[in-house]
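The structure is reproduced here in structure tokens:
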């Protein structure tokens, strides 16, 4: 606002969302995607927060990215992130938060993700900062 641009990824994403654009940061999209984290041994995972045996997509020495993207494990990873708590969908800040990153909605109970553990903080932050972010979104 003072003519000196500073990029902070979270704020860039919030301002982008206020301007009507989708977030580029997966944790702000409300659902998981796959961005292929590769470990030193070539093992591939769908996310850096889920480098766990159950989420191994394959190995770059034996599988193509296309094969790993179409795998059952990959589909299950995305599918398990789709549930967003009803409270989130009814919240006035849902368009900005979208339930947040899946890792903050765990543990899953009966394969259903919970309310984001940062929900109260998000609400307080958006109440505090929204008008200023809106002004910046109009500016850019």
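Residue numbers (the numbering used here): -3 to 136. Note that the Cβ used here is the ideal one computed from N, Cα and C, for glycine as well. A quick note: this is a predicted structure, and the numbers were derived from the prediction, not measured.
- Within the region 20 to 56, the runs of beta strand (DSSP E) at least 3 residues long that lie entirely inside it are, in chain order, 39 to 41.
- Looking from the CA of residue 102, the closest CA among 70, 63, 121, 46 belongs to 46.
- When DSSP reads this structure, residue 108 sits in a beta bridge with 105.
- Note that the region 2 to 11 does not touch the region 69 to 85; fewer than 3 beta-carbon pairs, one per stretch, sit closer than 8 Å.
- DSSP, reduced to helix, strand and coil, places residue 81 outside both helices and strands of the structure shown, so it counts as coil.
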